[in-house]
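Encoded as structure tokens, the structure appears first; notes follow it.
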Amino acid sequence: MSLPTTFFGWIQLLIEKYGPLFLNGAGFTMLIAISGTVLGFLLGLLVAIVRTIPVSKKDNIFKRILMKLVNIILNVYIEVFRGTPMIVQAMVIFYGSMMYLGLRMPALGAAIFIISINTGAYMAEIIRGGIISVDKGQKEAAHAIGMTHWQSMVHVVLPQAVRNIMPSIGNEFVVNIKDSSVLNVISVSELFFVGKSAAGTYARYFEAFAIIAAIYFVLTFTTTRLLRLLEKKMDGGKHYTICGSQSAADATITLEKGENVPHD
Amino acid sequence: MTDMNILQVQNLKKDFGSHQVLKDITFSVNRGDVISIIGASGSGKSTLLRCINFLEDPTAGKILYHGKDAEQLNRAEYHSKVGMVFQSFNLFSNMSALDNCIIGQTLVLKRSKQEAKKKAMEYLEKVGMTPYMNARPGQLSGGQKQRVAIARALAMDPEILLFDEPTSALDPEMVGEVLSVMRDLAEGGLTMLVVTHEMGFARDVSNRVIFMDQGVIAEDAPPAEIFTNPKQQRTREFLSRILDK
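Chains as they are written, first to last, in my numbering: chain A, 491 to 754; chain B, 19 to 263.
Here it is, written out as structure tokens:
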């Protein structure tokens, strides 16, 4: 068998031989990125909610000490996981749990675990920022009609906070698609890992990684577009209907968003 | 007589750091009272309302609700009985006008969804906002938002409504629509405590006017007396300043 001599020849050969493997790798990459973003979001939400529980001087001493302690622990978590590279976290967690806890984590499970707690640390700060950015009056109005802190968080503050930080969440997702590549160090067969294996066989690193780069780009670009759509959806319909008028009770007018409302 | 009495504010004080905003406020509100609180900016009017509703914790003093210390009462119950309308409306911007009026009823008063919706529609009708019930706050004008905010407060069946400068953030042409709603409420017998710069409202609609100056109540009298024959020099000065404009 003669080997190709041109760039496109190599591309063709690699795709023929490793196409299914690349797609499989892309699948793992997306699985890791999606689970990591979703679980990281939930973890970050939990941390951010705990960190924004109001503590007043009137609360009893135990609650105040407990909250202080919990806050310190959460701060350490955030600082450590934001302050060290994920590739290092992966090594420490994967091999540490093997050597000292006797845990042999499956590579995929370990990958999702690592990316989730790493994302959680970033998300915690993003979500806390989102909570703080919601107008103070929203919370005051909620309290003024008798809602508790939790009710106002769940029904008023968090929905607005999450909407406001959607671009940042999307950003984290895209970062996760790309950065999951560092998890090849624990031998999870994500996109970068399969690229490396394929490239190694013929020692054609440029061509193999050109393909891998193209696949990464398609993944992130599609994801970005889909997130844009989701944001639009969260903003509610473009239209709303005005029901009834003084002359005809069942008349309806549908207005475009941004169109001027006829004032009565 | 005690039955008539809804709120009693006793020796209320509020400090922000070393700054005393409320120095020693004592007054009471009876059923059916429409009280306008007037005074220069920084005289403590809004802080007083916010303390009554515990949006600020008073530094000292008591607020009695039907003779009972309001701070010991169930917060949710107290808040639903003592409603508040804000200067900047504060409609929940993630909900439609209708849902704004429903959510407090279902969460706090545990009303059924249908009952809450019926009540919400009733009050949206009262403030003339039924046609806009599906609109989000961002799609409404200032005056419309404030009318929805009033409907939201009314849907909780409050015994007394606190208005914190309800027309100050509005364009001049929208002040009228909100004031006319408030006038209707007053005529309907709702007990109201209104911090306002609208002297016309204070004079024509309220039965008592409280003039605040530098954290104290300088004068508390019927509007006829305050506006035609104020006892205090500082009341006179304030009114001449504001009415000359």
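The beta-carbon is built from N, C-alpha and C at its ideal position, and this holds for glycine as well. Owing to the predicted nature of the structure, the values given are computational and were not obtained by experimental measurement.
8 angstroms Cβ cutoff, residue i in contact with chain A
i: T20 (chain B); result: The predicted position of T20 (chain B) is uncertain, since its pLDDT is 49 and thus under 50; a value taken from the coordinates is nonetheless stated next. For T20 (chain B), the answer is no, since every Cβ of chain A falls outside 8 angstroms of its Cβ.
i: K63 (chain B); result: no
i: L25 (chain B); result: no
i: H97 (chain B); result: yes
i: N145 (chain B); result: In the sequence as displayed, the identity of residue 145 (chain B) is Val instead of Asn. V145 (chain B) does not count as touching chain A.
i: R93 (chain B); result: yes
i: R129 (chain B); result: no
i: N29 (chain B); result: no
i: G101 (chain B); result: yes
i: M200 (chain B); result: no
i: I120 (chain B); result: no
i: F104 (chain B); result: yes
i: R165 (chain B); result: no
i: M174 (chain B); result: yes
i: F219 (chain B); result: no
i: F181 (chain B); result: no
i: S36 (chain B); result: no
i: F110 (chain B); result: yes
CB contact check: residue i to chain B, cutoff 8 angstroms
i: I667 (chain A); result: no
i: T638 (chain A); result: yes
i: E630 (chain A); result: yes
i: S737 (chain A); result: Only weak support is given to the placement of S737 (chain A): the predicted model assigns it a pLDDT of 47, under 50, and the question is left unresolved by the model.
i: V545 (chain A); result: no
i: G627 (chain A); result: yes
i: I655 (chain A); result: no
i: A634 (chain A); result: yes
i: V578 (chain A); result: no
i: Q502 (chain A); result: no
i: V646 (chain A); result: yes
Within 8 angstroms, strictly: CB atoms of residue i and residue j
i: E191 (chain B); j: R165 (chain B); result: no
i: V675 (chain A); j: A580 (chain A); result: yes
i: V293 (chain B); j: K63 (chain B); result: For residue 293 (chain B) there is no data in the structure shown, the boundaries of chain B being 19 and 263.
i: A169 (chain B); j: Y141 (chain B); result: yes
i: I705 (chain A); j: F682 (chain A); result: no
i: T542 (chain A); j: I602 (chain A); result: no
i: P240 (chain B); j: R259 (chain B); result: no
i: R221 (chain B); j: F245 (chain B); result: yes
i: Q105 (chain B); j: D182 (chain B); result: yes
i: L211 (chain B); j: I55 (chain B); result: yes
i: Y508 (chain A); j: A693 (chain A); result: no
i: D231 (chain B); j: R252 (chain B); result: yes
Contact belief for residue i with residue j at Cβ below 8 angstroms, rounded distance in angstroms
i: I522 (chain A); j: E697 (chain A); result: Between E697 (chain A) and I522 (chain A) the Cβ distance is about 25 angstroms, and since that is not below 8 angstroms, they are no contact.
i: R93 (chain B); j: G599 (chain A); result: Not quite, the Cβ-Cβ distance comes to about 45 angstroms (not below 8 angstroms), so this is no contact.
i: I72 (chain B); j: I228 (chain B); result: According to the sequence shown, residue 72 (chain B) is Phe rather than Ile. Not quite, the Cβ-Cβ distance comes to about 20 angstroms (not below 8 angstroms), so this is no contact.
i: T209 (chain B); j: R68 (chain B); result: T209 (chain B) to R68 (chain B), Cβ: 18 angstroms. No contact.
i: N666 (chain A); j: T609 (chain A); result: 6 angstroms
CB contact check: residue i to chain C, cutoff 8 angstroms
i: P649 (chain A); result: Among the chains of the structure shown, chain C does not appear; the protein chains present are A and B.
Okay, do the segment 99-106 of chain B and the segment 168-178 of chain B touch, 3+ Cβ pairs below 8 angstroms being the bar?
yes
Segment contact flag, the segment 641-659 of chain A with the segment 566-573 of chain A, C-beta cutoff 8 angstroms, min 3 pairs
no
Quick check: the segment 572-583 of chain A against the segment 670-678 of chain A, are there 3 or more CB pairs under 8 angstroms?
yes
Would you call the segment 75-86 of chain B and the segment 30-43 of chain B touching, i.e. three or more CB-CB distances under 8 angstroms?
yes
Continuous beta strand (DSSP E) assignments of at least 3 residues falling wholly in the segment 189-234 of chain B:
209-213, 226-231
Any contact of the segment 630-640 of chain A with the segment 551-566 of chain A, i.e. 3+ C-beta pairs under 8 angstroms?
no
Please give me, in chain order, every unbroken run of the beta strand (DSSP E) with length at least 3 that falls completely inside the segment 131-201 of chain B.
178-182
Can you check the segment 590-637 of chain A for any alpha helix (DSSP H) of at least 4 residues that lies completely inside it and give the ranges in chain order?
597-623, 626-634
Is it a yes or a no for the segment 199-207 of chain B touching the segment 22-33 of chain B, going by three-plus beta-carbon pairs under 8 angstroms?
no
Closer than 8 angstroms is the cut-off here; do at least three beta carbon pairs connect the segment 49-62 of chain B with the segment 120-136 of chain B?
no
Tell me the start and end of each unbroken alpha helix (DSSP H) in the segment 19-102 of chain B that is at least 4 residues and wholly inside, in chain order.
63-70, 93-99
Examine the Cβ distances between the segment 150-162 of chain B and the segment 654-664 of chain A and report whether three or more of them are shorter than 8 angstroms.
no
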